[in-house]
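I have placed the structure first, in the form of structure tokens, so that the comments after it can refer back to it.
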Amino acid sequence: MTEHTLVGAVNLSLAKALEEDETVILFGEDIGVDGGVFRATDGLVDRFGKDRVLDTPLAEGVLAGMSVGLAAEGFRPVPEIQFMGFIYPALEQMISHASRLRNRTRGRLTCPMVLRAPYGGGIHAPEHHSESTEAMFAHIPGLRVVIPSSPRRAYGLLLSAIRDPDPVVFLEPKRIYRAVREDFEDDGEGMPLDSCFIQREGTDITLVSWGAMMHETLAAADQLAEHGTRAEVIDVATLRPLDMDTILASVEKTGRCVIVHEAVRSNGVGAEIAARIGEDGLLSLLAPVGRVGGYDTIMPLARLEGRYMPSTERVVSAARRALEFE
Amino acid sequence: MTKIVATFEVSYTQILNKSGKLTGPLPAFAQDPEKLIELYRAMVLSRAFDAKAVSLHRTGRLGTFPSAVGQEAVCVGTASAMQETDVFLPSFREHGAQLIRGVTLVEQLLYWGGDERGSDFSGPKKDFPMAVPVGTHAPHAAGVALAMKLRGEERAAVCLMGDGATSRGDVYESWNMAGVWSLPVVYVINNNQWAISLPRSAQSAAETLAQKAIAAGFPGEQVDGNDVIAVYDVVDKALKKARSGGGAHLIEAVTYRLSDHTTADDASRYRSDEEVSARWSEEPISRMRTYLTESSAWKKEDEESLLAECAKTIEAAVEEYLATKPLPPESMFDYLYAELPAAYAAQRAAAVAASDENGDD
């Protein structure tokens with residue numbers, strides 16, 4: 000076994016995908032000789048050549064659009080967007096074409112592609128480099144939106160995303176690209192899409208999160224445990240389609256739920272999860288569903304970033320409110 | 000010191016003028032009158048279908064439809080020059096080209112009648128469905144062409160778009176890619192002078208739209224878009240070059256939209272009848288008929304039997320289209336993903352149940 004960082008796991012996963020399937024090709028800005036600005040594709044052009052790992056001109060929209068063409072012709076393109084803040088030109092292609100190609104041609108043409116992008120704050124990056132706008136993609140039928148929270152999950156979920164016959168938006172929490180290391184084999188084992196992972200079992204409250212915020216959420220669960228509260232912690236992992244069965248089963252057990260995400264609080268994926276618990280799990284609830292998110296503000300520049308990001312303390316206090324509700 | 004570091008030229012090709020007279024030598028393919036008759040017949044069928052589609056819309060049996068009257072030569076010339084293994088990526092005014100590609104009249108009626116099966120082509124399996132968001136298919140064509148190039152195939156992509164599309168960023172981005180990677184793709188602009196209400200003169204200050212390719216590092220040229228022989232010839236040459244590794248090409252076919260933008264449009268709000276009437280003298284079908292008749296390849300009886308044949312073909316397609324029952328509601332779910340994710344099961348069941356309650360088909 001070897002220890003891997005999350006970005007290292009992405010690299011390993013991409014290499015495995017390139018190795019096992021000759022239709023997989025990577026392209027993006029600075030992903031070749033430079034290995035990507037975060038080094039996610041480090042060394043891959045040397046191993047697999049310039050026809051499999053392509054450095055492209057600077058144009059995000061056309062990367063997504065060309066992927067649609069490549070996919071329709073039998074390739075499995077994996078374009079990289081350098082930062083999520085630059086993903087918006089690709090939105091039109093993902094919404095108007097990638098997500099719809101199978102449906103509008105009754106399966107005649109399909110779009111197996113994975114649009115990868117690092118996302119989220121916490122690394123004191125420049126303006127436009129720190130947002131979490133996963134809800135925009137999670138709103139779109141026909142797409143899958145997948146976010147790993149650990150190196151092992153990054154490896155397995157990315158492999159499954161690349162093997163999937165439909166388009167996937169794969170968002171990598173860059174704050175934890177190198178924050179944690181995990182032991183696992185480079186064994187080519189994928190992990191299930193469309194399923195939440197129960198990260199820690201508990202009986203008193205359900206904490207739901209994804210991406211980098213899993214770490215604050217788990218830290219909050221640790222603090223709660225010090226006071227005898229056993230929190231169940233769920234990593235959503237796939238935001239669309241959303242595995243509500245796992246979340247509802249947990250809430251049925253605990254009766255209390257707090258959803259934690261870095262994205263702005265309103266109109267986000269947390270709101271969807273809370274609404275679904277209200278629709279299908281109301282009678283299990285012993286307290287209102289709580290949400291901890293970023294504020295409904297523009298993501299601040301680096302100096303105030305720490306004030307914006309949901310902290311372990313905010314998660315703990317939301318959990319306490321739910322636990323103390325009568 | 001100042002010196003000239005780049006210069007460019009844009010050619011314009013015409014072989015058959017608006018009076019049906021040759022203005023240049025006939026290319027080899029056009030030496031065969033049968034080939035010219037084939038092109039002529041396709042243009043006539045396209046226009047007859049156009050008229051039928053508009054009348055179906057007017058009588059509430061078809062949705063909004065974009066007529067292509069006057070632009071038949073662009074579609075027919077372009078698609079006729081393609082090989083079966085090439086890939087066609089149309090905008091939404093290319094039924095004349097799609098017919099030649101093997102997209103059936105029934106499929107086209109189904110699409111404009113609001114049925115997804117209209118894009119499940121029984122003929123050209125790799126051709127793209129129509130791109131409604133203007134110009135968004137330009138990157139698809141670059142992607143298709145990249146796939147062909149990476150596999151070393153002798154195929155090419157053909158992307159047809161209107162003059163308005165050339166103002167869009169994704170079109171420029173695609174041309175940039177096509178140039179820098181020398182992709183086997185031919186972009187054809189159907190410059191019909193009007194992007195709904197915006198005239199060509201207000202769309203771009205560039206002297207020609209063709210020259211925009213030159214900035215992307217590959218050739219652009221103009222052709223008389225009402226001359227099907229010339230359109231076929233320039234597309235044929237561009238495709239042969241693209242398939243043999245010569246890279247991308249842009250063709251601006253200069254024509255005129257004689258119809259409204261769509262059945263939902265009223266062009267009299269933004270252009271005069273005089274302007275449109277004057278343009279009728281340039282349209283592609285009558286000049287070709289004049290040429291064929293004068294060269295004794297086409298007779299009055301041929302014309303009569305062609306029109307009768309077109310009417311019959313179209314009538315049969317309309318009957319089949321009108322007899323096609325709508326898809327069941329669960330079909331909304333059945334092609335969303337390769338396999339419907341479990342999370343969708345409840346909504347699918349609800350759609351089926353709601354339809355059963357309403358006694359729908």
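Top to bottom, those sequences are chains D and W. If you're matching positions, the first sequence starts at 0 in numbering that gives the first Met the number 0 and goes up one per residue. If you're matching positions, the second sequence starts at 0 in numbering that gives the first Met the number 0 and goes up one per residue. Glycine residues also receive a C-beta, built at the ideal position from the N, C-alpha and C atoms. On a predicted model such as this, the values are computed, not experimentally measured, just so you know.
With a cut-off of 8 Å, does the C-beta of W/His248 fall near any C-beta of chain D? Against the second sequence, residue 248 of chain W aligns to sequence position 249. With 8 Å as the cut-off, W/His248 does not count as an interface residue toward chain D.
Pull up the distance between the alpha-carbon of W/Glu106 and that of W/Leu61, whole angstroms please. For the purposes of this step, residue 106 of chain W is identified with residue 107 of the second sequence, where counting begins at 1. For the purposes of this step, residue 61 of chain W is identified with residue 62 of the second sequence, where counting begins at 1. Each residue's Cα considered, the two are about 13 Å apart.
Given a cut-off of 8 Å, decide if D/Ala58 and W/Gly175 are closer than it, judged by their beta-carbon atoms. Within the second sequence, the letter at position 176 stands for residue 175 of chain W. Within the first sequence, the letter at position 59 stands for residue 58 of chain D. One point to set straight first is that residue 175 of chain W is Asn, not Gly, in the sequence displayed. Against a cut-off of 8 Å, the Cβ pair of D/Ala58 and W/Asn175 comes out as a contact.
Residue environment, D/Val257, which counts as buried when at least 16 other CB atoms sit within 10 Å: Against the first sequence, residue 257 of chain D aligns to sequence position 258. Per the 10 Å Cβ criterion, buried.
Using beta carbons (cut-off 8 Å, strictly below), is W/Met160 in contact with chain D? As a first step, residue 160 of chain W must be located in the second sequence, where it is residue number 161. Chain D contact via Cβ: absent.
How long is the line joining the alpha carbons of D/Pro117 and D/Glu171, rounded to whole angstroms? Looking up residue 117 of chain D in the first sequence gives position 118. Looking up residue 171 of chain D in the first sequence gives position 172. When rounded, the distance between both Cα atoms is 4 Å.
Going by beta carbon distance, what residues of the same chain come within less than 7 Å of D/Ala134, once the five residues before and after it are set aside? Walking along the first sequence from the start, residue 134 of chain D turns up at place 135. Excluding positions up to five away in sequence, the list reads Ala262, Asn266, Gly267 and Val268.
Please list the partners that W/Asp85 has in chain D, where partner means a Cβ-to-Cβ separation under 8 Å. Here residue 85 of chain W refers to the residue found at position 86 of the second sequence. In chain order: nothing, as chain D lies at least about 12 Å away.
Let me check understanding here. Comparing Cα to Cα, which of W/Ser79, W/Ala337, W/Thr135 and W/Gly95 lies closest to W/Arg167? Here residue 167 of chain W corresponds to residue number 168 of the second sequence, with the count starting at 1. When only C-alpha atoms are compared, the closest one is W/Thr135.
Give the DSSP-derived three-state secondary structure of D/Asn10 in the structure shown. Locating residue 10 of chain D in the first sequence gives position 11, counting from the first residue. Helix at D/Asn10.
Rounded C-alpha distance that separates D/Ala124 from D/Leu192: Your numbering for residue 124 of chain D matches position 125 in the first sequence. Your numbering for residue 192 of chain D matches position 193 in the first sequence. In a straight line, the C-alpha of D/Ala124 is about 30 Å away from that of D/Leu192.
7 Å Cβ cut-off: residues of chain D touching W/Ala214: Within the second sequence, the letter at position 215 stands for residue 214 of chain W. What W/Ala214 touches in chain D: nothing, since even the nearest Cβ is about 13 Å away.
Verify the CB distance criterion: does D/Asp50 have a CB-CB separation below 8 Å to chain W? Taking the first residue of the first sequence as 1, we reach residue 50 of chain D at position 51. By this cut-off, D/Asp50 is an interface position.
With 8 Å as the limit, tell me which residues of the segment 65–79 of chain D have their beta carbon closer than that to any beta carbon of chain W; keep them in chain order. Met65, Ser66, Val67, Gly68, Leu69, Ala70, Ala71, Glu72, Gly73, Phe74 and Pro76
From this set, D/His138, D/Val250 and D/Phe26, which residue's C-alpha is nearest D/Pro271's C-alpha? Looking up residue 271 of chain D in the first sequence gives position 272. Per the sequence shown, the amino acid found at residue 271 of chain D is Glu instead of Pro. Nearest option by C-alpha distance: D/His138.
Under the assumption that W/Thr165 contacts W/Ser203 (Cβ atoms under 8 Å), give the Cβ distance between them as a whole number of angstroms. By one-based count along the second sequence, residue 165 of chain W stands at place 166. By one-based count along the second sequence, residue 203 of chain W stands at place 204. With a Cβ gap of about 7 Å, W/Thr165 and W/Ser203 count as contacting.
Alpha carbon to alpha carbon, how far is D/Pro150 from D/Ala8? Counted from its first residue, the first sequence places residue 150 of chain D at position 151. Counted from its first residue, the first sequence places residue 8 of chain D at position 9. When rounded, the distance between both Cα atoms is 5 Å.
Is it buried or exposed for D/Ile297, if we count other Cβ within 10 angstroms and need 16 for buried? Working through the first sequence from its first residue, we reach residue 297 of chain D at position 298. So D/Ile297 counts as exposed.
Leaving aside the five residues before and after W/Thr77 along the sequence, list all residues of the same chain whose C-beta is less than 7 Å from its C-beta, in chain order. Reading the second sequence from its first residue, position 78 is the one you call residue 77 of chain W. Hits under 7 Å: Ala96, Val157, Leu159, Val187, Val230 and Val234.
Chain W within 8 Å of D/Val6, Cβ atoms only: Taking the first residue of the first sequence as 1, we reach residue 6 of chain D at position 7. Answer no: the Cβ-Cβ gap between D/Val6 and chain W never drops below 8 Å.
Is the CB-CB distance between D/Val250 and D/Leu284 below 8 Å? The sequence position of residue 250 of chain D within the first sequence is 251, counting from 1. The sequence position of residue 284 of chain D within the first sequence is 285, counting from 1. Yes, the Cβ-Cβ distance between D/Val250 and D/Leu284 is below 8 Å.
On the three-pair Cβ rule with 8 Å, is the segment 287–306 of chain W touching the segment 235–245 of chain W? no
Measure the alpha-carbon distance for D/Thr202 versus W/Leu149 and round it to whole angstroms. One-based indexing of the first sequence puts residue 202 of chain D at position 203. One-based indexing of the second sequence puts residue 149 of chain W at position 150. Using only the alpha carbons, I get a separation of about 55 Å.
Whose CA, out of D/Met243, D/Glu72, D/Ala178 and D/Arg162, lies closest to the CA of D/Met212? By 1-based counting over the first sequence, the position of residue 212 of chain D is 213. Among D/Met243, D/Glu72, D/Ala178 and D/Arg162, the Cα nearest to that of D/Met212 belongs to D/Ala178.
What does a CB cutoff of less than 6 Å around W/Ser173 pick up in its chain, not counting 5 residues either side in sequence? For the purposes of this step, residue 173 of chain W is taken as residue 174 along the second sequence, with counting starting at 1. Around W/Ser173: Ala137, Pro138 and Ala141.
Does the pairing of the segment 0–17 of chain W with the segment 294–311 of chain D give three or more beta-carbon distances under 8 Å? no
In the DSSP assignment, what residue or residues form a beta bridge with D/Arg239? For the purposes of this step, residue 239 of chain D is taken as residue 240 along the first sequence, with counting starting at 1. Paired residues: D/Val144.
When the Cβ atoms of the segment 90–109 of chain D are set against those of the segment 113–131 of chain W, are three or more pairs found closer than 8 Å? yes
Distance, D/Pro78 Cα to D/Ile30 Cα: Your numbering for residue 30 of chain D matches position 31 in the first sequence. Your numbering for residue 78 of chain D matches position 79 in the first sequence. In a straight line, the C-alpha of D/Ile30 is about 10 Å away from that of D/Pro78.
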